[in-house]
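Undergrad: Residue numbers (my numbering): 15 to 191. Note that the Cβ used here is the ideal one computed from N, Cα and C, for glycine as well.
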Amino acid sequence: MIKIEDLDFELFIPEDKLLIRVKELAKAINADYNGKNPILLAVLNGSFMFMSDICKEISLAADVSFIKLASYSGTKSTGTITPLLGLSKSLKGRDVVIIEDIVDTGKSMAYLLDLIKRENPKSVEIASLLVKPEALKENVTIKYRGFDIPDLFVVGYGLDYCGKGRNLRHLYQKREK
Ligand code: IMP
Ligand code: MG
Numbered sequence: 015m016i017k018i019e020d021l022d023f024e025l026f027i028p029e030d031k032l033l034i035r036v037k038e039l040a041k042a043i044n045a046d047y048n049g050k051n052p053i054l055l056a057v058l059n060g061s062f063m064f065m066s067d068i069c070k071e072i073s074l075a076a077d078v079s080f081i082k083l084a085s086y087s088g089t090k091s092t093g094t095i096t097p098l099l100g101l102s103k104s105l106k107g108r109d110v111v112i113i114e115d116i117v118d119t120g121k122s123m124a125y126l127l128d129l130i131k132r133e134n135p136k137s138v139e140i141a142s143l144l145v146k147p148e149a150l151k152e153n154v155t156i157k158y159r160g161f162d163i164p165d166l167f168v169v170g171y172g173l174d175y176c177g178k179g180r181n182l183r184h185l186y187q188k189r190e191k
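Spelled out as structure tokens, the structure:
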């Protein structure tokens with residue numbers, strides 16, 4: 015068990031299981047984009063570890079890019095998305111694969127899809143390490159999904175609680191008191 019600020023967390027998905035699944039997702043992307051050069055667009059900050067690990071398993075001539083959005087406050091999604099760092103590469107005519115840590119309500123993803131589609135890419139797909147199907151409120155199709163998890167708050171492997179816990183190598187879940 016670990017403590018971050020006022021909350022207790024217990025081990026949920028260890029690094030070895032995360033990495034096995036990340037490799038499987040990369041394999042599917044390698045097959046689907048064979049002969050193409052997609053842009054892997056990671057959503058900061060939460061996806062930095064997932065991006066780093068999945069990138070290394072992608073054998074395509076892929077471009078790597080980052081965008082930064084913020085929507086969370088503590089353990090709750092606020093529903094208000096703030097772009098903190100914009101798109102730096104043109105997406106026009108490109109195959110875009112969004113690399114996301116977690117889709118919770120889906121509001122950030124719906125916002126991002128809208129932003130990306132305005133750039134006229136050739137295609138857009140989503141790779142999300144985690145999905146909380148019970149929390150999902152938006153109609154977003156996640157083609158590459160690592161784990162469907164219950165509506166619990168998680169930290170580690172890039173995900174934070176109040177800015178802490180991102181550097182943990184395993185994924186932890188909030189312990190119910
Ligand atoms: P959404 O807009 O509600 O789908 O929230 C998406 C963003 O909130 C994710 O990209 C994460 O950065 C953050 N988030 C959602 N659930 C969790 C969680 O359980 N732990 C940490 N961050 C989360
Ligand atoms: Mg995120």
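1) Per the contact definition of three or more C-beta pairs closer than 8 Å, is the region 171–186 in contact with the region 54–74?
2) Considering only their Cβ atoms, is the gap separating C69 from L55 smaller than 8 Å?
3) If we define contact as Cβ-Cβ less than 8 Å, is D115 a contact residue for chain C?
4) Among L25, N51, I18 and D22, which one has its Cα closest to the Cα of K136?
5) Report the rounded CA-to-CA distance for D165 versus G49, giving the unit in angstroms.
6) Following the continuous alpha helix (DSSP H) through D67, name the residue where it begins and the one where it ends.
7) Of the residues T119, S79, V168 and A141, which one's Cα is nearest the Cα of E152?
8) Can you give me the start and stop residues for the beta strand (DSSP E) that V145 sits inside?
9) Between the region 126–141 and the region 101–111, do at least 3 Cβ pairs fall closer than 8 Å?
10) Here's a check: name, in chain order, each residue in its chain whose Cβ is nearer than 7 Å to the Cβ of I192, leaving out the five neighbours to either side.
11) So what's R159 in DSSP terms, helix, strand or just coil?
12) For G160 versus R35, is the C-beta distance shorter than 8 Å?
13) So L185 packs on I27, CB below 8 Å; how close in whole Å?
14) Please list, following the chain, all residues that have a C-beta closer than 5 Å to any non-hydrogen atom of ligand 2.
15) Helix, strand or coil, according to DSSP, for S79 in the structure here?
TA: In terms of the structure at hand:
1) Contact between the region 54–74 and the region 171–186 is established, with three or more Cβ pairs separated by less than 8 Å.
2) no
3) Given the protein chain composition of this structure (a single chain), no chain C is represented.
4) Closest option to K136, judged by alpha-carbon separation, among L25, N51, I18 and D22: N51.
5) 38 Å
6) F62 to E71
7) T119
8) S137 to V145
9) Remark: three or more beta-carbon pairs, one from each stretch, lie closer than 8 Å, so the region 126–141 and the region 101–111 are flagged as touching.
10) Residue 192 lies beyond the residue range present for the chain, which begins at 15 and ends at 191; the question has no answer from this structure.
11) strand
12) yes
13) 4 Å
14) V57, G60 and D115
15) strand
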